[in-house]
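One structure is given here, and the rest of the page talks about it.
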Amino acid sequence: MTDQAVHTSGPTPYTAPAADGSGGFVGRRSELAQLRADIGRAGLDTLSGRPAPRGRVLLVAGRPGSGRTALAEEFARQVAADYPAGVLRARLTDPDGTPVPTERTARDLLRALGRPVRAGAGEEELTEALRAALSGRRALLLLDEVAGSGQLADLVPESRDCLVLAVSRGPLTGVPDVRPCTLGGLDTASAVALLARCAGETPRVTVDPRAAERLVEACGGRPAALVLVGGWLAAHPMASVAEAVRRFGDLPDTLPGEAADGTAPGARLVPAPRPRPAPAARPLVRALLLVHGSLPPAAARTLRLLALAPAGLADAHTVAGLAGCPVDAAAATLEGFVRLGLLRTTAVPGQYEVPGCLAPLLAVLLRELERPADVQLARARMLERTVRLLRSCRAAAEPPGSRARREAAGLPRALRFATPAAAAAWLDSRLPALRAAAGLAARDGELDTLARRLVSALTRALSAHLEPGGAAPELYRLYELLPPVAARRGLHGEHAAALLALGDLDLRAGRPREALTRYRAALEAAREAVADPAGAAARALESLGDTYSALGDRPRATDWYGRALALCQTRGDLAAEARLHGRIGAEHLHEGDWEEALRAWRAAAAACRRLKDRRGYVRALEEAARVQELAGRAEEALRTRREALRWARRLEGGPLDGPSGGTGYGEGHGHGAGRRAPS
């Protein structure tokens, strides 16, 4: 099995490629040997004769910029062959410093394993499913940026064949038998080798070893700082290492607007609070200021704007939106940032990651050096471009000549997809960033229109390219974003539509009680709407009937169907009227109330006839005949069947006069079948 990833990092801050394009890992030999030895080393539980049925947990601990992720990735590469079930990667802290909910991590790991997940499944169900999926398999879980022991404990497989490699800032107390490997700075020889690798082909580091050692000492041996300084040297081939030492020493160890303790006054421009750089990370601040100060103004601004990249992931389209530049220019800028050590490549071609140690520093620079209005405009441009990409992605799945395909043909070439397969691959590879973009827009509070459009475009793209079972879990989380936005803007109809969609998914996932709560809330929201052109109130009433029917509560189902029927009759919705008569007839049939069932099916037949729905009319007659037979009225049943047969023959070989299957009652209790997603 190939390596699988939820959030995969490529070259990390100290496996950055050299100028000749080669890569490699520098130093940390003793740490790698320690980690390998710890895999088989007996723990306290084993020594006491009670080996726990859990995977061994190894911990790589260190401050941001210490190369902890790079060490973990290198170790995973070295031992991957021992774990044929693959290497699963997940990041447990978002770039803004917010711990990732365990439910989301477990759902993403299950998706990477190709295991189906119920829409709306909770944390306990998902972690249980993850443990079951990993049972009996030799897999390696690389969990980066672990925020706390509780976050990790729920993800450890109950199998000693699995290995968990955790990366964290500090020790994780409370995790049984964890084996820590704490990182400081690189040793001098390894640090100089890393600096030489990143500085390019000119032998400046080797010809001035004393200056190189002073530079390593100034950087505290921290790989991330060394890579940035090496990138600066590579970009300035005429500068000596001694000049780099001088420039580095002249820089402040605080960012603009920060006090000496790392606190920054002023209003935040990035929605979520970001962690402050720790005092021990101050060499990294100087290294970033060195590189940032050497960039052209446009590139420096683009670098700061990368603090807005959803989930810390960016591609050429993200940067083109943020900076308002052509895609080609954005792609070149990203490649330049990689050479400078400012970005990591990922397993997805063309996608890059902002290193976790740099994300909070860039956020401070953005907050202090950009105007709030400009930041909001950049965010809006990025989200607008994402909406257009998603619409083009969905259009690629439409038939040739369709309206969506014609509209997509008018988009710039950079926004179009050559084939449906290319669109589906883009959607799958960008899904973590797209999810994060939707969440960012919904939480912003000032971009509600964009948030609604983005969620709508993403749900439609997912529905177009994924099977219903695969799309449902993603759709559920997206629909959850809409009610707060709609309520904030007083859009009661959209609020009701989102709640209806969530209720439908709850009901299909076997959670009728949760569905009832959603449908009742949708009904209240629909009643608040000034106008209800989509009939959300009627759909909520019908959905309540569907749910009680699924629960086997026939009287309540009939009652709610009756309320929906009365509302549809008031609105003049003949198709819904026919369908609801059929629903009511089916409920009475289950209860053995033949007279009421027959009355309902006759009413359904009459509505279909007025609607000119021949197929629905035939189905209603057949159901009426079945009820007559059950009631012992054989002659009436025979006459009704003859009538149905006569109309059925008219269907053969000719078009229908009315809508095909428009009533929908012949499909059983639909549980939201045929409803449109919120748009």
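Numbering (my numbering), first residue to last: 33 to 711.
A virtual CB, placed ideally from N, CA and C, is assigned to each residue, including glycine.
TODO: Identify which residue in 597, 664 and 668 has its Cα closest to the Cα of residue 639.
DONE: Counting from 1 along the sequence shown, the entry for residue 639 is found at position 607. Selected option, being the one with the closest Cα: 597.
Open item on the list: Closest to residue 124 by C-alpha separation, out of 198, 57 and 264, would be which residue?
Closed with: Residue mapping note: residue 124 aligns to position 92 of the sequence shown, counting from 1. Nearest C-alpha to residue 124: 198.
Task: Secondary structure of residue 346, DSSP reduced to three states - done: Position 314 of the sequence shown holds residue 346. DSSP places residue 346 in strand when its eight states are reduced to three.
- [ ] Check each candidate in 509, 546 and 207 and name the one with the smallest Cα separation from residue 535.
- [x] Here residue 535 is taken as the residue at index 503 of the sequence shown, counted from 1. If we check each option's Cα against that of residue 535, 546 comes out closest.
Task: residue 247 beta carbon less than 7 Å from that of residue 228 - done: By 1-based counting over the sequence shown, the position of residue 228 is 196. By 1-based counting over the sequence shown, the position of residue 247 is 215. No.
Open item on the list: On the criterion of 16 or more Cβ atoms from any shown chain inside 10 Å, does residue 105 qualify as buried, or is it exposed?
Closed with: The residue given as residue 105 occupies position 73 in the sequence shown. With 16 or more other Cβ atoms within 10 Å, it is buried.
- [ ] Classify residue 452 as helix, strand or coil using the three-state DSSP reduction.
- [x] For this step, residue 452 is matched to residue 420 along the sequence shown. Helix.
- [ ] Output the distance between the C-alpha atoms of residue 501 and residue 419, rounded to the nearest integer angstrom.
- [x] Position 469 of the sequence shown, counting from 1, holds the residue named residue 501. Position 387 of the sequence shown, counting from 1, holds the residue named residue 419. Using only the alpha carbons, I get a separation of about 24 Å.
Open item on the list: Helix, strand or coil, according to DSSP, for residue 196 in the structure here?
Closed with: Translated into the one-based positions of the sequence shown, residue 196 becomes position 164. Three-state result, residue 196: strand.
Task: Assigned exposure category for residue 522 - 16 Cβ within 10 Å defines buried - done: Position 490 of the sequence shown, counting from 1, holds the residue named residue 522. Burial call: exposed.
TODO: Thinking residue 339 and residue 395 are a contact (beta carbons under 8 Å), I'd like their distance in whole angstroms, please.
DONE: Taking the first residue of the sequence shown as position 1, residue 339 is located at position 307. Taking the first residue of the sequence shown as position 1, residue 395 is located at position 363. The Cβ separation is near 4 Å, so the contact holds.
Open item on the list: residue 100 and residue 258 - do their beta-carbons sit closer together than 7 Å?
Closed with: Position 226 of the sequence shown, counted from the start, is the residue given in the question as residue 258. Position 68 of the sequence shown, counted from the start, is the residue given in the question as residue 100. Contact flag unset, no.
Task: Beta-ladder partner(s) of residue 251, from DSSP - done: Here the question's residue 251 lines up with position 219 in the sequence shown. Its beta-bridge partners do not exist; DSSP assigns none.
Open item on the list: So the candidates are 189, 154, 367 and 676; which of them puts its Cα closest to the Cα of residue 170?
Closed with: Along the sequence shown, read from residue 1 onward, the residue named residue 170 stands at position 138. Residue 170 has its Cα closest to that of 189, out of 189, 154, 367 and 676.
Open item on the list: Checking the sheet assignment: what are the DSSP bridge partners for residue 213?
Closed with: Reading the sequence shown from its first residue, position 181 is the one you call residue 213. In the DSSP output, where bridge partners are listed per residue, residue 213 has 92.
- [ ] Give the single residue among 560, 73 and 266 whose Cα lies nearest to the Cα of residue 192.
- [x] Stepping through the sequence shown from its first residue, residue 192 is reached at position 160. It is 73.
- [ ] Can you give me the start and stop residues for the beta strand (DSSP E) that residue 122 sits inside?
- [x] By one-based count along the sequence shown, residue 122 stands at place 90. 119-123 is the span of the beta strand (DSSP E), which, as asked, contains residue 122.
- [ ] Indicate the three-state DSSP secondary structure (helix, strand or coil) for residue 178 in the structure shown.
- [x] Within the sequence shown, residue 178 is the residue found at index 146, counting from 1. If DSSP states are grouped into helix, strand and coil, residue 178 belongs with the strands.
Task: Exposed unless 16 or more other CB atoms sit within 10 angstroms - verdict on residue 414 - done: Your numbering for residue 414 matches position 382 in the sequence shown. Result: buried.
Task: 8 Å contact criterion, which residue 18 and residue 352 should meet: CB distance rounded - done: There is no way to answer for residue 18, as the model of the chain reaches only from 33 to 711.
- [ ] Kindly list the residues whose CB is nearer than 8 Å to the CB of residue 64, restricted to its own chain and excluding five residues on each side of it in sequence; keep chain order.
- [x] Residue 64 sits at position 32 when you count from the first residue of the sequence shown. Excluding residues within five positions, the ones whose Cβ falls inside 8 Å are 103, 106, 107 and 110.
- [ ] Note the first and the last residue of the continuous alpha helix (DSSP H) segment covering residue 153.
- [x] For the purposes of this step, residue 153 is taken as the residue at position 121 of the sequence shown. Taken as a continuous stretch (DSSP letters only), residue 153 belongs to no alpha helix (DSSP H), as it is neither H nor E.
Open item on the list: Just to confirm my understanding: we take residue 436, look at its own chain, exclude 5 residues before and 5 after, and list those with CB closer than 8 Å. What are they?
Closed with: In the sequence shown, the residue the question calls residue 436 occupies position 404. A distance below 8 Å between beta-carbons, with the five flanking residues on each side excluded, links residue 436 to the following residues of its chain, in chain order: 423, 426, 427 and 430.
- [ ] Assign residue 580 to one of three DSSP states: helix, strand, or coil.
- [x] By 1-based counting over the sequence shown, the position of residue 580 is 548. In the structure shown, residue 580 sits in a helix (DSSP, three-state: H, G or I).
Task: Whole-angstrom distance between residue 489 and residue 151, CA atom to CA atom - done: Along the sequence shown, one-based indexing puts residue 151 at 119. Along the sequence shown, one-based indexing puts residue 489 at 457. Their backbone Cα atoms lie some 19 Å apart in a straight line.
TODO: Please go through the segment 486-511 and give each complete alpha helix (DSSP H) segment of 4 or more residues, from N-terminal end onward.
DONE: 500-511
TODO: Measure the Cβ-Cβ separation of residue 461 and residue 380 and say whether it is below 7 Å.
DONE: For this step, residue 461 is matched to residue 429 along the sequence shown. For this step, residue 380 is matched to residue 348 along the sequence shown. A contact, by the Cβ cut-off of 7 Å.
Open item on the list: Using 7 Å as the threshold, is the C-beta distance between residue 231 and residue 267 below it?
Closed with: The residue given as residue 231 occupies position 199 in the sequence shown. The residue given as residue 267 occupies position 235 in the sequence shown. It is not a contact, given that the beta carbons lie outside the stated cut-off.
Task: Nearest-angstrom Cα separation, counted from residue 647 out to residue 688 - done: Against the sequence shown, residue 688 aligns to sequence position 656. Against the sequence shown, residue 647 aligns to sequence position 615. At residue 688 the pLDDT is 43, less than 50, meaning the model places this residue with poor confidence; the figure from the coordinates comes in the next sentence. The alpha-carbon atoms of residue 688 and residue 647 are separated by roughly 8 Å.
- [ ] Return helix, strand or coil for residue 385, following the three-state DSSP convention.
- [x] Working through the sequence shown from its first residue, we reach residue 385 at position 353. Strand, per DSSP.
Open item on the list: Tell me the DSSP secondary structure of residue 376 in three-state form.
Closed with: Counted from its first residue, the sequence shown places residue 376 at position 344. DSSP places residue 376 in strand when its eight states are reduced to three.
- [ ] Taking only the alpha-carbon atoms, compute the straight-line gap between residue 593 and residue 491 and give it to the nearest angstrom.
- [x] Position 561 of the sequence shown holds residue 593. Position 459 of the sequence shown holds residue 491. Roughly 29 Å separates the two Cα atoms.
Task: the segment 336-350 in contact with the segment 397-412 per 3-pair CB rule at 8 Å - done: yes
Task: Exposure label - residue 651; buried when at least 16 CB within 10 Å - done: The residue given as residue 651 occupies position 619 in the sequence shown. Within a 10 Å sphere around the beta-carbon of residue 651 sit 16 or more other beta-carbons, which makes this residue buried.
Open item on the list: Taking a contact to mean a Cβ-Cβ separation below 7 Å, would you say residue 135 touches residue 155 in this structure?
Closed with: Here residue 135 refers to the residue found at position 103 when the sequence shown is read from its first residue. Here residue 155 refers to the residue found at position 123 when the sequence shown is read from its first residue. Yes.
Open item on the list: So, does the segment 549-569 touch the segment 525-535, judging by three or more C-beta pairs under 8 Å?
Closed with: yes
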